[in-house]
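Each residue of the sequence shown is one higher than the one before, counting from 1 in full-length UniProt numbering.
Yeah, the Cβ is synthetic: ideal placement off N, Cα and C, and Gly gets one too.
In this text, all values refer to a predicted model and were calculated from it rather than measured experimentally.
Only one structure is covered here, and it is reproduced in the block below.
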Amino acid sequence: MEFLSAALLGLLLASILPLFFFFSFRDGIKHDGDNNTTAVIDSKIPSGNDVRRAESSDDFDVIIVGAGVAGAALAYTLAKDGRKVHVIERDLSEPERIVGELLQPGGYLKLIELGLEDSLKGIDAQQVFGYALFKDGNHTRLAYPLDKFDSNISGRSFHNGRFIQRLRQKAAALSNVKLEQGTVTSIVEEDGTVKGVQYKTKNGQELTSYAPLTIVCDGGFSNLRRNLCKPQIDIPSCFVGLVLENCKLPLENHGHVVLADPSPILLYRISSTEIRCLVDIPGQKVPSVANGDMAHYLKTAVAPQLPPELQTAFIASVDKGNIKSTTNRSMPAAPHPTPGALLLGDAFNMRHPLTGGGMTVALADIVVLRDLLRPLSNLNDADALCNYLESFYTLRKPVASTINTLAGALYQVFCASPDPARKEMREACFDYLSLGGVFSSGPVSLLSGLNPRPLSLFCHFFAVAIYGVTRLLIPFPSPKRIWIGVRLITGAAGIIFPIIKAEGVRQMFFPATMPAYYRAPPMQ
Numbered sequence: 001m002e003f004l005s006a007a008l009l010g011l012l013l014a015s016i017l018p019l020f021f022f023f024s025f026r027d028g029i030k031h032d033g034d035n036n037t038t039a040v041i042d043s044k045i046p047s048g049n050d051v052r053r054a055e056s057s058d059d060f061d062v063i064i065v066g067a068g069v070a071g072a073a074l075a076y077t078l079a080k081d082g083r084k085v086h087v088i089e090r091d092l093s094e095p096e097r098i099v100g101e102l103l104q105p106g107g108y109l110k111l112i113e114l115g116l117e118d119s120l121k122g123i124d125a126q127q128v129f130g131y132a133l134f135k136d137g138n139h140t141r142l143a144y145p146l147d148k149f150d151s152n153i154s155g156r157s158f159h160n161g162r163f164i165q166r167l168r169q170k171a172a173a174l175s176n177v178k179l180e181q182g183t184v185t186s187i188v189e190e191d192g193t194v195k196g197v198q199y200k201t202k203n204g205q206e207l208t209s210y211a212p213l214t215i216v217c218d219g220g221f222s223n224l225r226r227n228l229c230k231p232q233i234d235i236p237s238c239f240v241g242l243v244l245e246n247c248k249l250p251l252e253n254h255g256h257v258v259l260a261d262p263s264p265i266l267l268y269r270i271s272s273t274e275i276r277c278l279v280d281i282p283g284q285k286v287p288s289v290a291n292g293d294m295a296h297y298l299k300t301a302v303a304p305q306l307p308p309e310l311q312t313a314f315i316a317s318v319d320k321g322n323i324k325s326t327t328n329r330s331m332p333a334a335p336h337p338t339p340g341a342l343l344l345g346d347a348f349n350m351r352h353p354l355t356g357g358g359m360t361v362a363l364a365d366i367v368v369l370r371d372l373l374r375p376l377s378n379l380n381d382a383d384a385l386c387n388y389l390e391s392f393y394t395l396r397k398p399v400a401s402t403i404n405t406l407a408g409a410l411y412q413v414f415c416a417s418p419d420p421a422r423k424e425m426r427e428a429c430f431d432y433l434s435l436g437g438v439f440s441s442g443p444v445s446l447l448s449g450l451n452p453r454p455l456s457l458f459c460h461f462f463a464v465a466i467y468g469v470t471r472l473l474i475p476f477p478s479p480k481r482i483w484i485g486v487r488l489i490t491g492a493a494g495i496i497f498p499i500i501k502a503e504g505v506r507q508m509f510f511p512a513t514m515p516a517y518y519r520a521p522p523m524q
């Protein structure tokens, strides 16, 4: 095993590093332990105009648009630091979503850092210790590398709506947070500086709220992001979601990924009695639920590819009829620095939800932003604050770019393809992860948010490609196998380099070369 590791690493470095540095310099020139008892949450969240008032209703430090995971956690965090926060959320009732239900261990550590870990208590959240990967009747276990952490450190899976309600309760309980139900209709701007927002209350009253800093966290379908960034949204696929009951996972306390045809299927517990199943369907259209096409597709094309112990419960869930779907969106962070405003969460940056990294990125961003704002006694100098907060976009990159790139690359590798080179890449990825040791713990530490190192991700990705080529050339290379090997390497480059380019080569691999990396807090 040690010989194989050394051989792979040597071959990887010799083959890939010249190409890597070419792309780097080219782009550098172009772009400068939970309570598992199910409980009904005792809602302390205001509705309509029945809101918890800050000490001065006209004197806010920060306006936060949206009270999802990012918005509610940010409101609590900034309020704990003494800021007066006005949160405006379109709908304060418990959301029903089929994504945002798995928090990676790296995200759980950020939740602890923010003092919000008790938000997972009382919602029947389940511990997650790794993944089980299934392909063609075979499976392998990929454990999170948690040996150096306390026993309570792991991933968590849960009902997204329950988690959000707990975060909102935590924020609303603080006296300097005003949590209000309303729809933000526009950003108030004066001479290029954002001064606040206009919004409409539940009762239809139109109001304006002012603050030195407005942070937009209104989710993946944000109607405000175009004012603050250059959105380039890609929709590679859709998720069809069901809830399986009265069954057990093949490997409990693990997320399950089935490398199905045409694309992956995810399964994980969201409570002690329920298993979420997410069926990925490439493209932007899904079979109709109304005319029965969806049920037929799920029963005939999907069910036979699931582990046998889950097929009966899956078909029963399809017959029950509670089938939901959502588009899977990805959008690289492309901010347009604007005095008085900032984007955060899915409004700012999205990646394919295959790896469950969205909440981890959002919570890590909140930690970075909190640490940047802490030295500032006030936020009134909009231009100086905007210049200072440009460092946020660089400091967030290690975590965000690692998870974003891995999500986009893995999704493409895990999708079935008739192309022999893509087939070989998919086989090589499964077998590489099955080798164990550093070959599994390395990639899983990246996926989990425990090792946010883009260069490590780059090396493992091309190690998989080199591993696939090596298998093709042993014991006797043929012209056909050599050609497939060449196409495997170029295909791997075609997958990962566009993602890296969108993330920004300098920010991702050489953040210390960015001027914003060294920005000091403005003088006050």
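Assigned exposure category for residue i - 16 Cβ within 10 Å defines buried
i, result
"residue 445", "buried"
"residue 520", "exposed"
"residue 486", "exposed"
"residue 207", "exposed"
"residue 290", "exposed"
"residue 469", "buried"
"residue 284", "exposed"
"residue 124", "buried"
"residue 131", "buried"
"residue 273", "exposed"
"residue 248", "exposed"
"residue 221", "exposed"
"residue 296", "exposed"
Collapsed DSSP secondary structure at residue i in the structure displayed
i, result
"residue 350", "strand"
"residue 335", "strand"
"residue 158", "coil"
"residue 106", "helix"
"residue 227", "helix"
"residue 186", "strand"
"residue 170", "helix"
"residue 89", "strand"
"residue 117", "helix"
"residue 63", "strand"
"residue 83", "coil"
"residue 363", "helix"
"residue 27", "In this prediction, residue 27 has a pLDDT of 43, which is less than 50 and means its spatial position is unreliable; what the coordinates show is noted afterwards. Note: residue 27 maps to helix in three-state DSSP."
"residue 524", "coil"
"residue 216", "strand"
"residue 514", "coil"
"residue 68", "coil"
"residue 387", "helix"
"residue 99", "coil"
"residue 374", "coil"
"residue 78", "helix"
First through last residue of the alpha helix (DSSP H) which encompasses residue i
i, result
"residue 234", "Here residue 234 belongs to no alpha helix (DSSP H); instead the beta strand (DSSP E) covers 234-245."
"residue 481", "479-503"
"residue 320", "308-320"
"residue 440", "438-447"
"residue 403", "397-414"
"residue 295", "293-297"
Start and end residues, beta strand (DSSP E) containing residue i
i, result
"residue 277", "274-282"
"residue 465", "Element bounds for residue 465: not the beta strand (DSSP E) but the alpha helix (DSSP H), 454-473."
"residue 143", "138-143"
"residue 198", "193-201"
"residue 544", "Past the edges of the chain, shown from 1 to 524, lies residue 544, and the structure says nothing about it."
"residue 207", "206-210"
Heavy atom of the ligand PLP within 7 Å of residue i beta-carbon
i, result
"residue 217", "Looking for the ligand PLP in the displayed structure turns up nothing, as the structure carries no ligands at all."
Cross-strand partners of residue i (DSSP beta bridge)
i, result
"residue 253", "BP columns for residue 253 are empty, so no partner."
"residue 527", "Any answer about residue 527 is impossible in this case: the structure gives the chain only from 1 up to 524."
"residue 423", "Note: residue 423 sits in no beta bridge, so no partner."
"residue 177", "85"
"residue 258", "134, 265"
"residue 126", "157"
"residue 341", "214, 338"
message: Closer than 8 Å is the cut-off here; do at least three beta carbon pairs connect the segment 337-349 with the segment 219-230?
response: yes
field: Segment contact flag, the segment 104-116 with the segment 145-155, C-beta cutoff 8 Å, min 3 pairs
entry: yes
query: Hey, is the segment 79-97 in contact with the segment 168-177, meaning 3+ C-beta pairs nearer than 8 Å?
result: yes
query: Is it true that the segment 300-307 meets the segment 254-262, where meeting means three or more beta-carbon pairs spaced less than 8 Å apart?
result: yes
The segment 320-327 / the segment 358-377 touching (three or more Cβ pairs under 8 Å): no
Sufficient close CB pairs (3 or more, under 8 Å) joining the segment 173-187 to the segment 199-206: yes
- request: Take every Cβ of the segment 495-514, pair it with every Cβ of the segment 390-404, and state whether three or more of those distances are shorter than 8 Å.
  value: yes
message: Is it the case that the segment 382-394 contacts the segment 462-477, given that we only count it when at least three CB pairs across the two stretches are under 8 Å?
response: no
- prompt: Does the segment 387-397 touch the segment 360-368, meaning 3 or more C-beta pairs lie closer than 8 Å?
  reply: yes
Three or more C-beta pairs below 8 Å linking the segment 428-437 and the segment 113-128: no
task: Evaluate contact between the segment 330-341 and the segment 89-99, counting only Cβ atoms and requiring at least three cross-stretch pairs below 8 Å.
output: no
query: Touch check for the segment 155-165 and the segment 186-195: three-plus C-beta pairs under 8 Å?
result: no
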